[in-house]
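Novice:
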Amino acid sequence: MSVQEDLSIIIPVWNLPEDLAVLLGQIADLGVFSEIIVADDASDLECHPEALGFSQDRLGARLIYLRSDRQRGAGHARNMGLAAATSGNILFFDADDHLSENFPIIWRQHLAAGMPDFTIFRHSDTRVEESEGRQGTFPSEEALWDRALDKNNAVEMLSIAAQAALCTISAYPWNKIYRHDFLTDAGITCSETPVHNDIRLHWLSFARANHIQASRLIGATHIVGERTHHLTSRKGAERLCLRSILSDLTQEIRNTPGKSILIPEFIHFVDNVSRWNLQQVDEDLIPEFTRLAIDAYLDFTPDEFRLFAHSRPDRADAIVRFLLKEGA
């Protein structure tokens, strides 16, 4: 670790000691973090780095281990870690994902740009790696990168229009290096909900940031598997927390000066997440999630919906047909 490094990595973890050990090994090898914060969400057995063979000396960085008294979700764990962080820059990262060897280059890009509010970077998804034999994510997401960045540019500060083009990228917490003061000054934290706890972090970041850099380099690999802690395995009423998250964000984005361009993109996101939930939840909960989707659509003003319809007429027409079918 260089004395110039000023980067905390905050890792929420719950019952994943083997995965955490792999990630800690990568962190030690990369040597770019000044502070490593493991936020244990009341694992059955403590996931303490030292118990896994990772001392502060081996990691080459200040080590902080925090543990919740009861399980409260990854959002609370991230917030707990953020409150303890002392570095000028923050990376949230999940214990069961992997850092790329490109990450130090992305960190240098963030520094070279004068530490913007955040730097967002590409990631690779194991589902794509397994099905298509390439690094990267789904074609629809890669297309967003092509809309936002000049194809000849590896890294770029985003215009407002480019920010709008990229904001509907998957709302992950771990594909951005944040300037710590930006998060603090903008009052941005994760939702402390059982699931969907990273949506607020992602959308408020885009809504409140003045300076966003984007890097085409792949900084992480998202490892997707069937585990009970993954959202795709949670099909119960805990997902209803989405109602208040979407309602709050609609108001927040609407009231943020200079960011009205994000509203049509947020409607697109609301449509995607509402449809996805209706396909995923237990059958007996479909009426409640149908009502949730109706409420989320009707939260937007006619003028906001017209802007969305102008950019995505087919999706707008499908929403109108859904609302009419449900008697809304």
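According to the UniProt record's numbering, the residues represented by the sequence shown are 1 to 328, in order.
Glycine included, each C-beta is placed from N, C-alpha and C at the ideal position.
Predicted model only: the values in this text are computed from it and were never measured.
Are the CB atoms of LEU66 and ALA39 within a distance shorter than 8 Å?
Specialist: Closer than 8 Å, so yes.
Novice: Apart from the five residues on each side of it in sequence, which residues of its chain come closer than 6 Å, Cβ to Cβ, to ILE90?
Specialist: So the qualifying residues of the chain are SER8, TYR178 and HIS180.
Novice: Leaving aside the five residues before and after THR250 along the sequence, list all residues of the same chain whose C-beta is less than 6 Å from its C-beta, in chain order.
Specialist: Within the same chain, THR250 has close Cβ partners ASP299.
Novice: What is the DSSP secondary structure of MET157, reduced to helix, strand or coil?
Specialist: MET157 falls in the strand class under three-state DSSP.
Novice: Which ranges would you report for the beta strand (DSSP E) in the region 39 to 82 if only whole runs of at least 3 residues count?
Specialist: Entirely contained in the region 39 to 82, the beta strand (DSSP E) runs reaching 3 residues are, in chain order, 62 to 67.
Novice: Determine whether the beta carbon atoms of ILE27 and LEU99 lie at a separation below 8 Å.
Specialist: A contact, by the Cβ cut-off of 8 Å.
Novice: Any idea what DSSP makes of PHE138, helix, strand or coil?
Specialist: Reduced to three states, the DSSP call for PHE138 is coil.
Novice: Using CA coordinates, which residue listed in HIS123, ARG122 and ILE160 is at the minimum distance from PRO257?
Specialist: Among HIS123, ARG122 and ILE160, the Cα nearest to that of PRO257 is on ILE160.
Novice: Report the CB separation of ASP97 from HIS222 in whole angstroms; it is logged as a contact under 8 Å.
Specialist: Their Cβ separation, rounded to whole angstroms, is 5 Å, which keeps ASP97 and HIS222 in contact under 8 Å.
Novice: So, does the region 302 to 310 touch the region 253 to 273, judging by three or more C-beta pairs under 8 Å?
Specialist: Touching, yes, given that three or more Cβ pairs across the two stretches are closer than 8 Å.
Novice: Going straight from the alpha carbon of GLU252 to that of GLY219, what length do you get?
Specialist: Roughly 29 Å separates the two Cα atoms.
Novice: When you compare the CB positions of ARG78 and PRO173, do they come within less than 8 Å of one another, or not?
Specialist: Closer than 8 Å, so yes.
Novice: Alpha carbon to alpha carbon, how far is GLY327 from SER68? Give it in angstroms, no decimals.
Specialist: Cα-Cα distance, rounded: 45 Å.
Novice: Within its chain, find whatever has a CB closer than 6 Å to the CB of LEU292; leave out the 5 residues flanking it on each side and keep chain order.
Specialist: Contacts found: ARG243.
Novice: What residue range is occupied by the uninterrupted beta strand (DSSP E) comprising HIS123?
Specialist: Where HIS123 is concerned, the enclosing beta strand (DSSP E) stretches over 118 to 125.
Novice: Once DSSP output is grouped into helix, strand and coil, what is the label at GLY258?
Specialist: Three-state DSSP puts GLY258 in coil, outside helix and strand.
Novice: Can you grab the Cα-Cα spacing for the pair MET157 / MET115, in whole Å?
Specialist: Cα to Cα, the separation comes out at about 11 Å.
Novice: Going by DSSP, what residue range makes up the alpha helix (DSSP H) through SER274?
Specialist: Segment 263 to 280, the alpha helix (DSSP H) holding SER274.
Novice: Whose CA, out of GLN71, LEU23, ASN255 and ASP303, lies closest to the CA of residue 337?
Specialist: Any answer about residue 337 is impossible in this case: the structure gives the chain only from 1 up to 328.
Novice: Are HIS123 and ASN197 touching if we call contact CB-CB under 8 Å?
Specialist: No, the pair does not count as a contact, with Cβ atoms beyond the cut-off.
Novice: Cα-Cα, which of GLU46, SER274 and GLU288 is closest to ARG315?
Specialist: Minimum Cα distance to ARG315 is reached at SER274.
Novice: Applying the 10 Å Cβ sphere with the 16-neighbour rule, what's the burial state of GLY187?
Specialist: GLY187 should be labelled exposed.
Novice: Hey, how far is the Cα of GLY31 from the Cα of SER87?
Specialist: When rounded, the distance between both Cα atoms is 15 Å.
Novice: Please report how far the alpha carbon of GLN279 lies from the alpha carbon of GLN56, in whole angstroms.
Specialist: Computed Cα separation, rounded: 45 Å.
Novice: Going by DSSP, what residues sit across from SER215 in a beta bridge?
Specialist: Bridge partners of SER215: PHE121 and VAL155.
Novice: Looking only at C-alpha atoms, which of LEU217, ASP303 and MET80 sits nearest to THR189?
Specialist: Among LEU217, ASP303 and MET80, the Cα nearest to that of THR189 is on MET80.
Novice: Check whether the region 132 to 147 touches the region 162 to 172, counting contact only when three or more Cβ pairs, one atom from each stretch, lie closer than 8 Å.
Specialist: As far as the Cβ criterion goes, the region 132 to 147 touches the region 162 to 172, which means the pair count is three or higher.
Novice: For the alpha helix (DSSP H) that PRO287 lies in, which residues bound it at each end?
Specialist: That run of the alpha helix (DSSP H) goes 286 to 298.
Novice: Taking the alpha carbon of GLY60 as the point to measure from, which residue in ASP41, ALA51, ALA42 and GLU35 has its own alpha carbon closest?
Specialist: Residue GLU35 is the option with its Cα nearest to GLY60.
Novice: In the structure shown, what three-state DSSP assignment does LEU149 receive?
Specialist: Residue state, collapsed to three classes: coil.
Novice: Looking at the C-beta of VAL273, does it have a partner C-beta in chain D at a distance below 8 Å?
Specialist: This model lacks chain D altogether, as it is built from one protein chain only.
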